[in-house]
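Chains as they are written, first to last, in my numbering: chain A, 1 to 940; chain B, 941 to 1191; chain C, 1192 to 1482. We put the beta carbon where it would ideally sit given N, CA and C, even for glycine. Heads up: the structure comes next, in structure tokens.
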Ligand SMILES: Nc1nc2c(c(=O)[nH]1)N[C@H]1C(S)=C(S)[C@@H](COP(=O)(O)OP(=O)(O)OC[C@H]3O[C@@H](n4cnc5c(=O)[nH]c(N)nc54)[C@H](O)[C@@H]3O)O[C@H]1N2
Ligand SMILES: Nc1nc2c(c(=O)[nH]1)N[C@H]1C(S)=C(S)[C@@H](COP(=O)(O)OP(=O)(O)OC[C@H]3O[C@@H](n4cnc5c(=O)[nH]c(N)nc54)[C@H](O)[C@@H]3O)O[C@H]1N2
Ligand code: SF4
Ligand code: SF4
Ligand code: SF4
Ligand code: SF4
Ligand code: SF4
Ligand SMILES: [Mo]
């Protein structure tokens, strides 16, 4: 008997439709294989700049997401009490009319009574445009609870941070150090990058209390104690300064190390930069020995010499920097115990960084010209690169820690140098190129400017006459002056408390606020259902757009059901958070590769409709008719500025199609579809590195419409806007902080990076609560929404709490035992497992696996609801009372970033409960439950 | 065709790099997706929205390793059929449904002949075969036999789904029978190993062991580079500024 | 391994059945007519019934006939072939006894050999599996199956002396099998170090499983019986399977004792067979950090 003949060349599909993945914010290109008009198989698009063909687990499982039984089917109106999950399906007309009847009167009388927060939004330039047109000051997406520390520290320091702002030079780096990352938004690119480094035998160093994923493959692991990275990084800086292993030439040319600072303690300018009449920062010129504007052609900035002018001493920033970090308090011995890293190890790491940076230098024969007009024959690389994310960002000292890391990168001369860190267009973009925040609301008219921005000093705070906050989330106030992304995690609790004022309608999009995206989840559920003395809900109206039957759905009064990502238009725009790579500008679209089979509509199209129904200026024509038929129409025809629209590719130039600047092109979406759903434009070779100072880059960016005029700038080792807030706290200026915040502002808004212990340490007794508790994102699961995915939930269907070996022994635990985990705020009872490769004072679990019974079309016995759990119950948006009569926010004092990872707990053994605790009643599913068996196959 | 071929013309298989695998499960799901839609019956899932159990052809374990001294390590460990040369799963099969292809050594199940007795899964030491509960036939990794020769796919896509998708590049596909192939070279360079060699299955797939880790811990400090003469000098600001002066001269 | 009732019943019953056929084939006893019919009915009920039962756990019983095709390499196939051959040959032999009152003895001898071979092939299905070290004890596992089958067969065939001797022999084999079996996994050389190849770095421990949901491998091959529990069951199996039957046989002969001996023995064999599966550890469990 011969071996059977099999068909090794079966037809793969009828057609391939190329669009963009939405299982996470990485936004990879996907090939959707279609059979009989149905989605058959999804793979990565090899031509796509982000993922070059690869696809992560979530992306490949998109088909199960798209077909999930939890998909909402029609608009829903609440009929039972909030939180019950009892709804009736209504028509779109009824739903839209109802929404208009709630929101229109607000717009005409008190627009701030609408709070519009958009969660995991990938269309922020559009949603913020809508909110601006509505006129409410209360708009933000989820950045405030996510990683604003990282973003803001990067922008203020060097014009961009990690992830969407830039990336390591994967092809050239020889040493890569990664801090506090489990997965990141840059999901596939980091994996591809690490793969490339490994291929070349480059060294990867992971700094993380937990050794999984990237830290597992890291050649060296630093199992640091949570919240102490700032100290660790500054100890590296200390060592490098002491050994003189810093790039002086780079510092002198491209950073504010030579900029002169006022040293007169009695001056209202104390600590501010010396500037010329045009406001240009001054440096001492080594050739003339005289002060000169930093960008004057031919100037050679001096790091050494200061200037005495009008009786006031001015010293270069370099002096302050050296003075601060040479101090023995930053010596490895001084920080070792606190960081949980041996002094010898810190020194070895510093030496290795120095060795690679200064002895394995790369030179590329590529001439370029800098902003002072000087031509350089070569591009010199310091092949040490860094990456960091929420592990350092999501602490109350995160802003300063992120700053410290950037300062380290800059001292090595490795930013925008070959082998180091590279920006992705539209970055680098200094603070000056960003707006300041806007918040003045006038009934019936749009807001005076964009909501979110980067304050340069106290004048930019959003405070009313009486000093009270303009915004419901208290962003841009003395509590957190540089809260560049708003504070979504404070909206519900502030609205519930009526502090700073009451609102009427809470309008949410794509954020599971009644579950995993809130701190203090149980408390939030209460706030959402709380009633006043008249029996009315304290937060009167809640409108929510979700695509699935999430926990949050049950808490809204009106549900606007969204499509899945394969059923709608979307736009990943250069105006927003594009998909660029370090060597190219790129943007992309999503388009309906299949039509919805339910009565659902793309949320952005719904916003266009609502905007028109309410007569909002950006959404109606002069005759009052709707300006945009739907979001696709907006994507093509909207112009921010003449010639600049949401998409940069295939615009209409004078002589036909062009890229970058140009008039709308009716066929633009077809052009994108024909090109695989994206547009990419490569940066010329001469412009590839040194972008902030490279005139070839600056000119290319202007041509692309990324900026209007070339704007080279210096990296800010010393951040002057922070000093302005400090000055106010010292008593200078008209706008003064409240007394209780003065001291905190003085210490935490230091213009040079500092380290202070995480705030929770100061509010919670570290002896009683000695253990740090963290979460990590599982690579194969996206927050709460991966759970409805039949394939992914088999991989992560429950989550144990991982305990280090020491704690397992100490408490006599065996794998599978149950523990009560107690914080100053609450307690949970959960199963435990042992892990040896873990910081010995840290416990952790996977994020957002635990689910509420009844949500996501799961059965009641789903392990997510019986064995899974959330750590969020232990984390409060406010710190425990300290006896000073105040409730301090559990946020970074600079940016308001939610300090998820400051959490401290204690642990006790517990008898196994029936299900992990706390557990709540079942919510009624508006979509029923999933089937008993899946044998999914589209083609036959 | 239960007897194993004496030799196969090629030995196609995978080489998995344990130094690089980040444990992302991308290969697991790409495999599930491709094989649900392609070769044979779909990979079914039972109680997919309750307490699920499902058929997967590739799964990623993770192991923690504690050395005698030093820090513990973690290794992510993908595992699918190793397409063994001496495949016990083939010889036990009573129906001939399990066979090893003569031309490339791929071990396959002919689902039309499989009676679902499960004996082959018992015979496999690696847990590489799973009985599909809905279809009642044995499923296993096909090495994407319907991709690697597929003329409907562009040349560059004629590789297994799991290899194509792996973001870290930890999976390599090729002919391990050809000592000059890229995969054979990798195996030779990196000391590729067999799993459970004592089982005598002679796996075709090889695993590249993780490179030595945490070697910086062993470097003798004080690190030579930071012990340059200057170190002593600028322990304080004035020393540092003096050094600045001198160094700037040279720039 | 998962102790599937259909497989336990099949191997136990068919073992008894073929054991009985063995003795019938040899002519001990050589019943004719109605008595012969009943004897053969019981033997066929046990042997063929067990065989039939075994198809219950197949995914595709309708294709079961294909299972005979790979006799050159597959013990399962050989079992099928032997079983059918044994049943056919013994069927002819029975025909002679029951209807023609004549013992076509060469057929009986061949049938007896085939019956024994069937049990042997059954045992080899398990015995050949390197992946289950407790089963992979050669020739102990075949010895266990054969001795049990013969002892049971002798009992059913009413061959008191043979039965007593064979029961003692089977008991010895059973004890040896248990004692050596307890060491089998360790001495197989398969452990996490060899399974992962990572042993040189340090102590390997399974961390996260590849999936929190369950799968075929776990439900089929990873079954954990408590040690104390297993010991108790071994005592029961031993008492029922060997001690009681021998005692009954040693008592002055009485049909009641005979029936009781058979019943005790069958019950004992069933318990032993449950343990045979339940205690067997498949090496795949090592990958899951389970045994
Ligand atoms: N303990 C702990 N908690 C955390 C974190 C942590 O590290 N630890 N991380 C925090 C961070 S950084 C974040 S970003 C948040 C994330 O938390 P969330 O923003 O709540 O993210 P998801 O759970 O993904 O939920 C978003 C909602 O969007 C819905 N959705 C999905 N697709 C669509 C769609 O196409 N259209 C619409 N309209 N809706 C859709 C989902 O159904 C879900 O209800 O969690 C925060 N919570
Ligand atoms: N697969 C998947 N990808 C995602 C998401 C998802 O849900 N799933 N979510 C997306 C979102 S919204 C975000 S914000 C990003 C976040 O991506 P990441 O920044 O990777 O966020 P986390 O998973 O919360 O991981 C935080 C890491 O920091 C470590 N850590 C905690 N405290 C400290 C500390 O003090 N020091 C150091 N060095 N490390 C510390 C933790 O151990 C953990 O490894 O991921 C995005 N990508
Ligand atoms: S990383 Fe994964 S989930 Fe995120 S966009 Fe890319 S493929 Fe999709
Ligand atoms: S896709 Fe690659 S990196 Fe991810 S688990 Fe599989 S082998 Fe490892
Ligand atoms: S890995 Fe298992 S299934 Fe694959 S050939 Fe080897 S023994 Fe057979
Ligand atoms: S399950 Fe199918 S492939 Fe496996 S041994 Fe039985 S018949 Fe052969
Ligand atoms: S080769 Fe194909 S069938 Fe085998 S594990 Fe990879 S994707 Fe799955
Ligand atoms: Mo986030």
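message: Quick check on residue 69/A: buried or exposed, where buried means 16 or more other Cβ atoms within 10 Å of its Cβ?
response: buried
- prompt: Which two residues bound the contiguous alpha helix (DSSP H) that contains residue 1460/C?
  reply: 1446-1469
field: Straight-line gap, residue 919/A to residue 865/A (C-alpha atoms, nearest Å)
entry: Cα to Cα, the separation comes out at about 8 Å.
message: Let me confirm a value: residue 1162/B is counted as buried when at least 16 other C-beta atoms fall within 10 Å, else exposed. Which label applies?
response: With a pLDDT of 47 at residue 1162/B, under the threshold of 50, the modelled position of this residue cannot be trusted; read the value that follows with caution. Exposed: under 16 other Cβ atoms inside 10 Å.
query: What residue ranges within the region 373-398 of chain A form continuous alpha helix (DSSP H) runs of no fewer than 4 residues, ordered along the chain?
result: 390-393
- request: Could you give the DSSP three-state label for residue 804/A: helix, strand or coil?
  value: Strand, per DSSP.
- request: Figure out for me which residue from 611/A, 914/A, 830/A has the closest Cα to the Cα of residue 107/A.
  value: 611/A
message: In chain order, what are the residue ranges of uninterrupted alpha helix (DSSP H) at least 4 long that sit wholly in the region 170-245 of chain A?
response: 187-199, 213-217, 229-243
message: Tell me the residue span of the beta strand (DSSP E) that contains residue 1412/C.
response: Segment 1407-1412 is the alpha helix (DSSP H) holding residue 1412/C; no beta strand (DSSP E) there.
query: Do residue 1283/C and residue 1295/C have their C-beta atoms closer together than 9 Å?
result: Between residue 1283/C and residue 1295/C, the C-beta spacing is below 9 Å.
query: Distance, Cα to Cα, residue 1180/B vs residue 62/A?
result: Computed Cα separation, rounded: 57 Å.
field: Distance between residue 453/A and residue 435/A (C-alpha atoms, nearest Å)
entry: 5 Å
task: For residue 1260/C, verify whether its CB is less than 8 Å away from any heavy atom of ligand 6.
output: Residue side-chain check: residue 1260/C keeps its Cβ at 8 Å or more from all non-hydrogen atoms of ligand 6.
query: Can you find a CB in chain B that lies within less than 9 Å of the CB of residue 3/A?
result: Under the Cβ criterion of 9 Å, residue 3/A is counted among the residues facing chain B.
- prompt: Beta carbon of residue 645/A, beta carbon of residue 671/A: below 9 Å?
  reply: In this structure, the beta-carbon distance from residue 645/A to residue 671/A does not fall below 9 Å.
message: Using the Cβ count rule (16 or more neighbours within 10 Å means buried), how would you classify residue 950/A?
response: Missing from the structure shown is residue 950/A; chain A here goes from 1 to 940 and no further.
query: Is DSSP giving residue 1473/C helix, strand or coil here?
result: coil
field: Residue ranges of each alpha helix (DSSP H) within the region 275-353 of chain A, 4 or longer
entry: 317-326, 332-339
- prompt: Under a Cβ-count criterion, where at least 16 other Cβ atoms within 10 Å of its own Cβ denotes burial, should residue 329/A be classed as buried or exposed?
  reply: exposed
- prompt: What whole-angstrom Cβ distance do residue 416/A and residue 690/A have, given they're in contact under 8 Å?
  reply: 5 Å
task: Taking residue 819/A as part of the beta strand (DSSP E), name the residues at either end of that continuous run.
output: Taken as a continuous stretch (DSSP letters only), the beta strand (DSSP E) holding residue 819/A covers 818-822.
task: Specify whether the region 79-86 of chain A and the region 541-558 of chain A touch according to this definition: at least 3 beta carbon pairs, one from each stretch, less than 8 Å apart.
output: yes
task: Measure the alpha-carbon distance for residue 946/A versus residue 411/A and round it to whole angstroms.
output: With chain A running from 1 to 940 in the structure shown, residue 946/A is simply not present.
query: Is there at least one Cβ from chain C nearer than 9 Å to residue 948/A's Cβ?
result: In this structure chain A extends from 1 to 940, so residue 948/A is not present and cannot be described.
Residue 1394/C - containing beta strand (DSSP E), residue span: 1394-1397
- prompt: So what does DSSP say about residue 43/A, is it helix, strand or coil?
  reply: strand
- request: Give the straight-line distance between the Cα atoms of residue 951/B and residue 1390/C, rounded to the nearest whole angstrom.
  value: 27 Å
message: Within 10 Å of its beta-carbon, does residue 1463/C have 16 or more other beta-carbons around it, so buried, or fewer, so exposed?
response: buried
query: Hey, would you say residue 1372/C sits closer than 9 Å to residue 1470/C, going by beta carbons?
result: yes
message: Three Cβ pairs or more, each shorter than 8 Å: is that satisfied between the region 45-53 of chain A and the region 944-961 of chain B?
response: no
task: Check whether the Cβ of residue 629/A sits closer than 8 Å to any heavy atom of ligand 5, and report yes or no.
output: No, the beta carbon of residue 629/A sits no closer than 8 Å to any heavy atom of ligand 5.
query: For the region 622-680 of chain A, which segments carrying the beta strand (DSSP E) assignment without a break, of at least 3 residues, lie completely within its bounds, in sequence order?
result: 651-653, 656-658
query: Taking Cβ positions only, does residue 1162/B come closer than 9 Å to chain A?
result: For residue 1162/B, the predicted structure reports a pLDDT of 47, less than 50, and the residue's modelled location is therefore unreliable. A value from the coordinates is still provided. Judged by the 9 Å Cβ criterion, residue 1162/B is in contact with chain A.
field: Of the residues 343/A, 155/A, 802/A, the one placed nearest residue 456/A, counting alpha carbons only
entry: The shortest Cα separation from residue 456/A among 343/A, 155/A, 802/A belongs to 155/A.
message: Against chain A, with Cβ distances strictly below 9 Å, would residue 1193/C count as a contact?
response: no
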